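In our numbering, the protein residues as written are 32 to 310. Just so it is clear, CB atoms sit at the ideal spot from N, CA and C, and this is done for glycine as well. Everything numeric in this text was worked out from a predicted model, so none of it was measured. Have a look at the structure below, then the notes.
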Amino acid sequence: MRGRGRECSRRLIASNLQSTIRDLQRRKARGRRGLALIEGVRLVEEALAAGVAFKGALVAPDLARTARGTALVAELQGHGVEVEEVGARVFAQLADTETPQGIIAVIEPRRWTASDFAPPSGAVALVIDGVQDPGNVGTLIRTAHALGAAGTVVLRGTADPTSPKALRAAMGATFRHPVVSLDDDGFIAWARKHGVTLWASAADGVPLHRALERGRGKGGTGRVDGPIAVIVGNEGAGIRPQLNAVAAQRVAIPLAQGAESLNVAVAAGILLYEVTRGR
Numbered sequence: 032m033r034g035r036g037r038e039c040s041r042r043l044i045a046s047n048l049q050s051t052i053r054d055l056q057r058r059k060a061r062g063r064r065g066l067a068l069i070e071g072v073r074l075v076e077e078a079l080a081a082g083v084a085f086k087g088a089l090v091a092p093d094l095a096r097t098a099r100g101t102a103l104v105a106e107l108q109g110h111g112v113e114v115e116e117v118g119a120r121v122f123a124q125l126a127d128t129e130t131p132q133g134i135i136a137v138i139e140p141r142r143w144t145a146s147d148f149a150p151p152s153g154a155v156a157l158v159i160d161g162v163q164d165p166g167n168v169g170t171l172i173r174t175a176h177a178l179g180a181a182g183t184v185v186l187r188g189t190a191d192p193t194s195p196k197a198l199r200a201a202m203g204a205t206f207r208h209p210v211v212s213l214d215d216d217g218f219i220a221w222a223r224k225h226g227v228t229l230w231a232s233a234a235d236g237v238p239l240h241r242a243l244e245r246g247r248g249k250g251g252t253g254r255v256d257g258p259i260a261v262i263v264g265n266e267g268a269g270i271r272p273q274l275n276a277v278a279a280q281r282v283a284i285p286l287a288q289g290a291e292s293l294n295v296a297v298a299a300g301i302l303l304y305e306v307t308r309g310r
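Structural data, given as structure tokens:
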């Protein structure tokens with residue numbers, strides 16, 4: 032009877048974890064519970080290395096067939112993380128990817144607030160306005176982190192940066208890079224409080240090299256000594272009018288004749304690199 036009781040208890044734990052994973056596939060549940068899902072060996076390794084809090088992990092039998100998978104399970108257990116194994120069919124039903132790597136983990140990512148993010152003078156930040164593809168959002172966060180941005184502000188209408196797809200695209204950057212979600216009023220108040228100069232990307236804006244020359248004092252407008260935040264928007268609609276209205280200037284990346292636009296993450300990479308280099 033005791034053996035049966037322990038087996039029932041193990042099944043109950045697994046059932047609770049599976050229910051949690053199903054629940055966290057919805058944005059509202061992630062926001063309500065302050066939890067997120069990560070999938071794949073490398074992303075779980077990155078989260079462990081960054082000191083992210085784990086609430087449990089679900090593994091498929093195939094994971095134990097590789098030395099890396101076995102080592103990862105041992106490391107999770109060494110950190111006191113409950114690891115549950117399920118059959119391949121159940122795992123495939125819960126996985127977010129078409130070719131899952133055999134591990135899904137529930138984590139508690141750090142939730143940044145406006146008061147946590149005070150960019151110093153000379154810093155550059157990224158602002159994402161209404162980018163709806165979670166893969167692009169994750170790539171934007173990865174790009175901002177790699178190029179030394181002080182942090183990223185996510186505005187309304189933007190895909191959830193803690194969605195499984197966004198976290199995969201960020202490749203672990205979300206675990207180390209400040210990501211703050213704000214509404215418009217909160218964002219404008221934050222920018223004013225910290226003396227942040229806003230540059231909005233726009234196809235009809237001032238060519239980037241000219242904007243940078245002005246920032247160095249060569250165009251008569253003087254050097255920008257405080258932090259700069261570069262705003263990128265929805266690839267179709269662009270940046271919303273109310274944000275353009277509060278931006279100090281609109282900047283554009285000159286394109287070859289006949290080229291209509293750049294992917295938003297590519298554009299952000301160019302802007303962040305040039306603005307950071309020009310400071």
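| message | If distances are taken between C-alpha atoms only, which option among Gly179, Ala67, Arg61 and Asp54 comes closest to Arg308? | response | Position 277 of the sequence shown, counting from 1, holds the residue named residue 308. That would be Gly179, whose Cα lies nearest to the Cα of Arg308.
| Beta-carbon contacts of Ala181 that lie in its chain and below 8 Å, excluding the five residues immediately before and after | The residue given as residue 181 occupies position 150 in the sequence shown. Only Phe148, Pro150, Pro151, Ala154, Val155, Ala156, Pro209 and Pro258 meet the Cβ criterion.
| request: Report the rounded CA-to-CA distance for Val90 versus Ala98, giving the unit in angstroms. | output: Taking the first residue of the sequence shown as 1, we reach residue 90 at position 59. Taking the first residue of the sequence shown as 1, we reach residue 98 at position 67. Looking at the two C-alpha atoms, the distance is approximately 14 Å.
| query | For Ile69 versus Ile138, is the C-beta distance shorter than 7 Å? | reply | Position 38 of the sequence shown, counting from 1, holds the residue named residue 69. Position 107 of the sequence shown, counting from 1, holds the residue named residue 138. Yes, the Cβ-Cβ distance between Ile69 and Ile138 is below 7 Å.
| query | Leu68 by DSSP, collapsed to three states: which one? | reply | Translated into the one-based positions of the sequence shown, residue 68 becomes position 37. Strand at Leu68.
| Taking the C-alpha atoms as reference points, what is the distance between Ala234 and Ala278? | Counted from its first residue, the sequence shown places residue 234 at position 203. Counted from its first residue, the sequence shown places residue 278 at position 247. Cα to Cα, Ala234 sits roughly 15 Å from Ala278.
| message | Using a 10 Å radius around the Cβ and a threshold of 16 neighbouring Cβ atoms, would you call Glu77 buried or exposed? | response | As a working note, residue 77 is residue 46 in the sequence shown. With 16 or more other Cβ atoms within 10 Å, it is buried.
| task | Give me whichever residues DSSP pairs with Ala136 in a beta bridge. | result | Mapped onto the sequence shown, residue 136 falls at position 105. In the DSSP output, where bridge partners are listed per residue, Ala136 has Ile69 and Ala88.
| Spatial neighbours of Ala197 in its chain, beta-carbon cut-off 8 Å, leaving aside the 5 residues before and after | On the sequence shown, position 166 is the one that residue 197 refers to. Counting only Cβ-Cβ distances below 8 Å, and skipping sequence neighbours, we find Pro165, Gly166, Val168, Gly169, Ile172, Ala190, Asp191 and Thr205.
| request: Would you identify the three-state DSSP class for Val227, choosing helix, strand or coil? | output: The count along the sequence shown starts at 1 and reaches residue 227 at position 196. Coil at Val227, not helix or strand.
| task | Measuring alpha carbon to alpha carbon, tell me which of Thr193, Val72, Val227 and Phe85 ends up nearest Thr130. | result | The sequence position of residue 130 within the sequence shown is 99, counting from 1. Considering only alpha carbons, the answer is Val72.
| request: State the start and end residues of the unbroken beta strand (DSSP E) segment that holds Gln56. | output: Within the sequence shown, residue 56 is the residue found at index 25, counting from 1. Careful: Gln56 lies outside any beta strand (DSSP E) and carries neither H nor E.
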